[in-house]
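Enquirer: Could you have a look at this structure, given as structure tokens, before my questions?
Number of protein chains: 4
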Amino acid sequence: MLRRMLCVSYISGMSGNTFGKSLVLTTYGESHGDQIGGILDGMPSGITVDIAEVQRELDRRKPGQSSLTTARTEHDLVRFHSGIFEGKTTGTPIAFSILNKDQRSKDYGALEKVYRPSHADYVYDAKYGHRDHRGGGRSSARETACRVIAGALAGLVIPDVTVKAWTSAVGPVELKTNWQHLDLSAVDSHPTRCPEASVADEMAAYIAHVRDEKDSTGGVISAVATGLEIGWGEPVFDKLQADLAKALMGINAVKGFEIGSGFAAAEMLGSQHNDEIGANFETKTNNAGGIVGGLSNGAALELRVAFKPVATIGKEQNTMNSEGESVTLAAKGRHDPCVVPRAVPIVEAMIKLVLADHYLRNLKYTR
Amino acid sequence: MLRRMLCVSYISGMSGNTFGKSLVLTTYGESHGDQIGGILDGMPSGITVDIAEVQRELDRRKPGQSSLTTARTEHDLVRFHSGIFEGKTTGTPIAFSILNKDQRSKDYGALEKVYRPSHADYVYDAKYGHRDHRGGGRSSARETACRVIAGALAGLVIPDVTVKAWTSAVGPVELKTNWQHLDLSAVDSHPTRCPEASVADEMAAYIAHVRDEKDSTGGVISAVATGLEIGWGEPVFDKLQADLAKALMGINAVKGFEIGSGFAAAEMLGSQHNDEIGANFETKTNNAGGIVGGLSNGAALELRVAFKPVATIGKEQNTMNSEGESVTLAAKGRHDPCVVPRAVPIVEAMIKLVLADHYLRNLKYTR
Amino acid sequence: MLRRMLCVSYISGMSGNTFGKSLVLTTYGESHGDQIGGILDGMPSGITVDIAEVQRELDRRKPGQSSLTTARTEHDLVRFHSGIFEGKTTGTPIAFSILNKDQRSKDYGALEKVYRPSHADYVYDAKYGHRDHRGGGRSSARETACRVIAGALAGLVIPDVTVKAWTSAVGPVELKTNWQHLDLSAVDSHPTRCPEASVADEMAAYIAHVRDEKDSTGGVISAVATGLEIGWGEPVFDKLQADLAKALMGINAVKGFEIGSGFAAAEMLGSQHNDEIGANFETKTNNAGGIVGGLSNGAALELRVAFKPVATIGKEQNTMNSEGESVTLAAKGRHDPCVVPRAVPIVEAMIKLVLADHYLRNLKYTR
Amino acid sequence: MLRRMLCVSYISGMSGNTFGKSLVLTTYGESHGDQIGGILDGMPSGITVDIAEVQRELDRRKPGQSSLTTARTEHDLVRFHSGIFEGKTTGTPIAFSILNKDQRSKDYGALEKVYRPSHADYVYDAKYGHRDHRGGGRSSARETACRVIAGALAGLVIPDVTVKAWTSAVGPVELKTNWQHLDLSAVDSHPTRCPEASVADEMAAYIAHVRDEKDSTGGVISAVATGLEIGWGEPVFDKLQADLAKALMGINAVKGFEIGSGFAAAEMLGSQHNDEIGANFETKTNNAGGIVGGLSNGAALELRVAFKPVATIGKEQNTMNSEGESVTLAAKGRHDPCVVPRAVPIVEAMIKLVLADHYLRNLKYTR
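Chains as they are written, first to last, in my numbering: chain A, 1 to 367; chain B, 1 to 367; chain C, 1 to 367; chain D, 1 to 367.
Below is the structure:
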């Protein structure tokens with residue numbers, strides 16, 4: 001018998017929690033369940049893993065690193081459950097998890113029925129027939145902690161590659177210096193993760209000001225990757241810049257992506273934009289951002305990512321509740337006035353996942 | 001540096017020619033082979049297909065539409081080989097092809113050994129151990145004709161959705177009018193595909209000027225999609241904006257992608273950027289660009305895509321040949337001074353493929 | 001011969017730990033790590049989950065259920081970490097794990113250097129550059145516990161479907177009764193999971209005899225699924241029987257698969273084998289086993305799976321060690337003389353995963 | 001607005017027309033459209049392709065090779081459209097097609113409303129809301145011609161591997177000789193593709209007898225692959241035997257699959273079944289069929305596939321038509337009394353596709 005199509009009572013499930021083709025990350029976990037975690041499948045065997053180094057990466061995204069970030073203190077400790085034996089990868093899937101210790105659901109009780117503007121509350125309700133009011137459930141940025149862990153592991157697959165990201169703009173405050181003239185080793189020495197001290201201080205002052213106004217601000221993260229081989233990326237749909245864009249646009253709060261010249265290219269002439277090929281096939285300029293025809297060309301990978309301001313603010317806003325009543329909302333929960341500094345390791349992690357995946361996809365067929 | 005693989009004789013193959021999860025497009029074909037084409041798998045059965053309408057979409061991207069585009073005249077005629085019977089889809093894979101009629105390989109003979117700046121020649125050589133000097137081979141934008149055909153079919157899966165793209169900038173000439181005040185039905189009435197006549201004329205003049213200078217220019221395409229249901233997109237990696245970014249960044253010459261407020265969000269305050277929720281859960285503003293938490297929220301989808309100037313120009317440039325000798329190059333082949341007008345239907349096609357795919361992925365589980 | 005890759009130091013990783021397209025299971029864990037587990041992605045939201053029922057399924061495969069199985073007692077307790085809130089699925093990925101309590105690595109110390117005949121030891125060494133001598137590592141059948149958990153959840157997606165498997169042969173002892181004349185509710189009432197008491201006793205006696213001989217025996221599991229809709233399965237490569245075959249041949253120790261008439265079909269005439277279509281389009285016979293053209297036809301799904309005898313036996317065998325020396329081996333570890341009774345819930349679980357996946361893949365496109 | 005769930009008018013589409021992970025085949029085409037074909041993506045570049053050799057493989061499956069097969073004469077000529085340049089693969093997707101010349105739709109007109117027993121007519125109607133009565137549409141075995149072409153290309157990726165299949169049973173006539181004692185180069189010298197002349201003659205006589213009775217018969221194909229490296233296959237779900245089973249069970253009319261000892265293993269003791277490891281780690285027996293733990297072990301891959309008798313027979317059968325009326329049917333169309341001889345190259349092709357895919361998936365990570 002053909003199935004009776006009665007009216008909907010159950011609703012479609014998610015199935016977008018997996019990333020990558022050869023190096024495959026699947027994550028799980030809600031912001032206020034007992035833990036979050038993931039499985040990284042496809043890691044080659046025999047790679048030495050320094051777990052303390054992975055933990056250091058994870059610590060870079062945690063809240064409470066300075067007065068500029070939320071007071072929430074997540075004591076995130078990574079735990080590995082498989083795929084690593086006596087300090088080396090075994091080639092089996094690597095499972096990891098982080099306990100959710102500091103949950104404070106009561107902070108969210110008040111929001112149970114209110115749809116927060118520019119949050120996923122309402123659309124989750126519509127899609128899944130329910131929402132987890134305890135801090136966003138699956139839509140919480142807490143999920144990105146798993147990406148940082150996986151990204152740190154992915155980096156071990158491509159040891160010749162260096163990936164560095166930094167805060168290049170916070171609200172109106174912009175770092176204009178070209179990356180070649182920045183000391184990228186200094187990124188973490190300032191809470192804003194801006195490597196130029198004077199600009200970093202301006203950014204910090206602006207964030208503090210915004211915080212005091214019970215408001216939030218957006219910003220921009222720039223990133224550079226060096227040491228890529230020529231030829232990573234797969235024409236035509238899996239071009240390297242396409243997979244990077246998907247990886248980075250999938251981070252919470254990201255609104256824009258540029259590779260190389262980005263939007264500036266729209267105003268340029270071909271004679272200005274073309275990267276002339278010089279000795280050793282190196283290009284004199286890098287408007288391409290390290291990618292031509294969808295493939296890495298050996299030059300530095302250069303990209304920029306725009307973040308919107310945090311949606312949760314203390315200022316009063318008009319919105320609706322699930323009864324369809326107009327209400328006002330002024331968030332009391334703990335939140336960041338600017339997520340950009342904490343997002344730097346997340347951007348690096350997603351770039352590493354894409355590059356390691358394409359490195360493995362490009363393994364040579366040798367006879 | 002190129003990876004040392006002394007023993008290599010064969011080289012890794014491409015496997016990135018497939019796009020989509022539920023509605024799956026795979027394309028093939030080189031610019032100068034006998035034909036190009038593709039297979040669209042996952043089309044529901046019973047959908048009426050107006051082949052003339054598909055051909056009209058294809059005609060919108062063809063060269064030679066005006067003095068502003070290349071003189072090459074591709075008589076692209078779509079042919080369907082399966083999946084359509086008596087004017088309706090059958091649910092089987094839809095195969096289509098276009099013959100490559102006007103090949104003129106001789107135009108390219110001169111380039112056999114020269115690596116064209118900002119083209120894929122050199123990286124293809126490095127990755128595949130050969131290059132097709134006859135107009136770029138697989139890296140040629142000709143492949144996008146297949147995307148236009150598939151996109152036209154994808155649009156039939158979501159008849160309630162309207163997708164409109166237009167040229168919003170050419171070089172320094174920008175269309176500043178908000179889309180709500182544009183007559184989007186007028187997009188095709190001007191060769192530049194800018195719906196505002198006065199700005200369109202400026203753009204045309206600029207393109208003509210650039211062409212006469214044997215140069216090329218970049219530009220921006222804006223797009224809007226209306227009629228989406230709430231809830232398309234799959235957390236966490238397959239967020240709707242992530243899949244749109246991958247789809248659009250995968251188009252030749254695209255350097256940047258923005259959803260909603262885009263890079264402008266970086267300078268905004270949360271209190272400015274948040275879209276307050278009003279009556280009927282409609283938002284008063286749309287900085288989100290129609291997506292929150294990775295899911296469509298029922299508002300208009302708004303995005304922008306930046307294109308670099310065409311790399312092939314008549315001006316003389318310095319580069320290298322495969323012997324490693326410095327040479328100068330002034331392209332003689334037929335080429336566009338600005339691809340943006342012809343790229344409008346390609347942008348619409350990729351958006352339709354993403355939306356139809358996510359519509360099908362979101363099919364409800366009904367009992 | 002092993003492929004010559006003189007420069008190899010790292011070795012390729014696994015990436016086959018994911019199963020399904022719409023309902024996607026990824027598992028992890030070695031037999032002697034701290035835990036095993038998995039993530040089930042794509043579960044629709046709003047489905048009530050009875051965790052005790054899942055635990056009951058898990059208990060059906062555990063060792064130590066009778067004198068016929070290994071004395072190892074795994075206290076397997078399923079723990080859920082995400083995707084279930086207040087007793088219902090949320091539509092987010094469901095993560096689960098089982099602690100590895102009773103590890104006894106010392107049992108295996110002796111085997112560190114010995115390659116056990118018909119075990120994966122040697123090929124894992126060759127592929128991954130190492131082996132986990134502690135009971136087979138990833139190749140251990142312990143991994144199937146995760147399949148049982150996921151299968152129990154999958155069954156909730158298709159509540160109208162009943163899947164029943166049973167032991168239909170152990171060594172030479174065969175159950176010849178047609179399933180329509182069996183009381184399938186009695187399967188668990190006998191330790192052999194054979195629903196016909198007299199045959200079950202014969203099987204038990206044979207297993208006991210084999211155990212006393214320090215030997216092991218193979219067997220056959222038959223399964224039937226009823227309540228399928230018409231049309232599950234996707235031509236041409238993802239035919240329902242093809243995905244069932246992959247699912248069941250992927251269970252440790254399985255050597256053969258049959259759908260409907262199976263190998264007997266080879267000796268039949270078309271006029272005998274064809275299932276004539278009678279009233280209400282029901283077939284009088286079911287040689288098809290419930291599938292025609294790769295799609296379910298509404299009749300009962302009928303299949304059989306052959307298991308080889310357990311490779312680990314107490315009898316002395318000749319083999320080699322990693323030094324390439326000939327040695328003899330007589331296993332001392334705890335092992336089953338026949339895995340078939342414990343494999344019954346695993347077979348049911350894999351069938352449920354395939355059917356739920358294809359049910360979701362077949363969701364109708366409704367307008 | 002949330003989507004209105006009205007009753008079904010359109011029906012879900014197929015999306016199972018793609019096979020493989022690293023070497024990816026997508027096929028299209030109905031038995032009576034203008035052509036069938038496919039795209040093979042992931043072929044490494046630089047591989048020499050002898051198109052005549054591919055054509056020879058294709059000719060092995062064509063009808064009309066002898067009086068034992070259908071009188072239909074398909075003049076199948078393979079045409080390549082991309083991915084091969086100057087006799088070598090380029091690394092781009094390889095598209096190929098075959099024209100459907102000899103269509104004779106009139107043969108099928110009579111069947112328009114009749115559901116043929118053990119054919120896909122009725123389930124296609126139910127799933128897709130229509131059927132193609134012109135010889136089975138997509139469910140026709142004609143689609144397998146594309147598999148033969150792709151399999152011939154796949155074989156070029158693994159030149160050290162030899163794959164040989166042969167007819168080992170037709171109805172009650174069985175070839176009992178062990179393959180090591182067969183001259184597998186003689187397979188094509190007899191129309192039945194049985195390499196032992198005396199048994200081949202018996203088979204031919206039986207097929208002729210069955211044909212004269214307007215009936216059909218099933219059979220068994222055995223296959224052996226040698227030259228595999230150790231370690232092909234990916235634990236846990238993509239075990240080599242699992243992917244082989246999926247590949248072969250997906251061929252029309254296949255009802256059973258065995259690897260190595262197969263169903264015979266069920267009756268064996270561990271002490272009989274275990275393959276003792278001898279000098280050079282070679283096993284003395286090969287009950288494993290060349291696979292342990294899901295990975296190739298360097299021994300010969302040995303498998304068997306059971307085919308049901310052709311469903312289309314001249315004998316009169318009872319069935320129903322789309323009006324739900326009981327009718328009798330005696331096929332007049334041209335059909336094979338036994339497909340097994342023609343299926344031999346299809347079995348070889350699917351094995352090659354699986355082995356080449358797993359070879360590429362197993363490429364070493366070399367530093």
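Every residue gets a Cβ at the ideal spot worked out from N, C-alpha and C, and that includes glycine.
Would you kindly report the start and end of the unbroken beta strand (DSSP E) that includes C/G262?
Expert: It is not in any beta strand (DSSP E) - C/G262 carries neither H nor E in the DSSP assignment.
Enquirer: Could you check how far apart the C-beta atoms of B/A265 and B/N297 are, in whole angstroms? I think they sit under 8 Å.
Expert: Not confirmed; about 16 Å, so no contact.
Enquirer: Cβ closer than 7 Å: which chain C residues qualify as neighbours of D/A150?
Expert: By Cβ distance, chain C contributes nothing, its closest Cβ being about 11 Å from D/A150, past 7 Å.
Enquirer: Please classify D/S67: is it buried, with 16 or more other beta-carbons within 10 angstroms of its beta-carbon, or exposed?
Expert: The residue is exposed, with fewer than 16 neighbouring Cβ atoms inside 10 Å.
Enquirer: Please confirm if C/R56 has its CB atom under 7 Å from at least one CB of chain A.
Expert: Judged by the 7 Å Cβ criterion, C/R56 is not in contact with chain A.
Enquirer: Would you call A/K255 buried or exposed, if buried means 16 or more other Cβ atoms sit within 10 Å of its Cβ?
Expert: A/K255 should be labelled buried.
Enquirer: Return no unless some Cβ of chain D is closer than 7 Å to the Cβ of B/Y122.
Expert: Taking Cβ atoms only, chain D never reaches closer than 7 Å to B/Y122, which makes this a no.
Enquirer: In this structure, does DSSP put C/G20 in helix, strand or coil?
Expert: In this structure, C/G20 counts as coil in the three-state DSSP scheme.
Enquirer: Three-state secondary structure (DSSP) at B/I230?
Expert: In this structure, B/I230 counts as coil in the three-state DSSP scheme.
Enquirer: What ranges does the alpha helix (DSSP H) occupy inside the region 95-181 of chain D, keeping only unbroken runs of at least 4 residues that lie completely in it?
Expert: Within the region 95-181 of chain D, the complete alpha helix (DSSP H) runs of at least 4 residues are 106-109, 121-128, 144-155.
Enquirer: Identify which residue in A/S189, A/A200, A/P191, A/G151 has its Cα closest to the Cα of A/E174.
Expert: Looking at the Cα atoms, A/A200 is the closest of the given residues.
Enquirer: Spell out a yes or no on whether the region 258-274 of chain C and the region 147-156 of chain C are touching, meaning 3 or more CB-CB pairs, one atom from each, closer than 8 Å.
Expert: Result no; under three Cβ-Cβ pairs closer than 8 Å.
Enquirer: Buried or exposed: where does B/L329 fall if 16 or more other Cβ atoms within 10 Å of its Cβ makes it buried?
Expert: By the neighbour-count rule (16 or more Cβ atoms within 10 Å), B/L329 is buried.
Enquirer: Please name the residue or residues paired with A/G256 in a DSSP beta bridge.
Expert: A/G256 is bridged to A/A306, B/E258.
Enquirer: According to a CB-to-CB cut-off of less than 9 Å, which residues of the region 205-220 of chain D neighbour chain B?
Expert: Here the close residues number zero.
Enquirer: Using the beta-carbon of each residue, which ones in chain C are nearer than 9 Å to B/L295?
Expert: Chain C residues near B/L295: none, gap ~11 Å exceeds 9 Å.
Enquirer: Measure from the alpha carbon of B/G38 to the alpha carbon of each residue in D/P63, D/V49, D/H81, D/P172, then state which is nearest.
Expert: Minimum Cα distance to B/G38 is reached at D/H81.
Enquirer: Using DSSP's beta-bridge definition, name the partner residues of D/G37.
Expert: D/G37 is bridged to D/Y28, D/S97.
Enquirer: Locate the alpha helix (DSSP H) running through C/V210, then write down its first and last residues.
Expert: Per DSSP, C/V210 belongs to the alpha helix (DSSP H) from 197-212.
Enquirer: So which of C/K308, C/L184, C/V236 has the shortest CA-CA distance to D/G253?
Expert: The residue asked about is misnamed: residue 253 of chain D is Ala in this sequence, not Gly. Of the listed residues, the one whose Cα sits closest to D/A253 is C/V236.
Enquirer: Are the C-beta of C/E30 and some C-beta of chain A separated by less than 7 Å?
Expert: Chain A, which has a Cβ nearer than 7 Å to the Cβ of C/E30, makes this yes.
Enquirer: Just checking, does the region 316-324 of chain D make contact with the region 337-357 of chain D on the three C-beta pairs under 8 Å criterion?
Expert: Output reads no: the region 337-357 of chain D does not touch the region 316-324 of chain D.
Enquirer: Are the CB atoms of A/S97 and A/Q55 within a distance shorter than 7 Å?
Expert: For A/Q55 and A/S97, no; Cβs fall outside 7 Å.
Enquirer: Should D/E53 be labelled buried (16 or more other beta-carbon atoms within 10 Å of its own) or exposed?
Expert: Its Cβ having fewer than 16 others within 10 Å, D/E53 is exposed.
Enquirer: Please look up how many angstroms separate the CB atoms of B/E316 and A/G171, rounded, as I've assumed it's under 8 Å.
Expert: About 44 Å; that fails the 8 Å criterion.
Enquirer: Under a three-way DSSP split, which group does C/G289 fall into?
Expert: Correct three-state label for C/G289: coil.
Enquirer: Report yes if the C-beta distance between A/G218 and A/F307 is below 7 Å; otherwise report no.
Expert: Yes; because the gap between Cβ atoms is below 7 Å, this pair is in contact.
Enquirer: How many angstroms separate the CA atom of B/L363 from the CA atom of B/E234?
Expert: If I take the Cα positions, the gap works out to 12 Å.
Enquirer: From the beta carbon of A/R116, is the nearest beta carbon of chain D less than 7 Å away?
Expert: No, A/R116 does not count as interfacial toward chain D.
Enquirer: Can you round the beta-carbon distance between C/S22 and C/D357 to whole angstroms, since I take them to be within the 8 Å contact cut?
Expert: At roughly 5 Å, the Cβ-Cβ gap stays under 8 Å, so C/S22 and C/D357 are in contact.
Enquirer: Okay, do the region 181-190 of chain D and the region 269-280 of chain D touch, 3+ Cβ pairs below 8 Å being the bar?
Expert: Verdict: no, contact absent.
Enquirer: What's the C-alpha gap between C/V224 and C/T144?
Expert: For C/V224 and C/T144, the distance between alpha carbons rounds to 20 Å.
Enquirer: Alpha carbon to alpha carbon, how far is B/E112 from A/P93?
Expert: Each residue's alpha carbon lies about 46 Å from the other.
Enquirer: Compare the Cα-Cα distances from C/V347 to each of C/A245, C/R361, C/A311, C/D76 and report the closest residue.
Expert: For the residues C/A245, C/R361, C/A311, C/D76, the minimum Cα distance to C/V347 belongs to C/A245.
Enquirer: How would you list, in chain order, the residues of chain B whose beta-carbon sits under 7 Å from the beta-carbon of D/I39?
Expert: The answer, in chain order, is T26, Y28, I39.
Enquirer: Of all the options A/V157, A/R193, A/K284, which has the alpha carbon lying nearest to the alpha carbon of A/G227?
Expert: Among A/V157, A/R193, A/K284, the Cα nearest to that of A/G227 belongs to A/V157.
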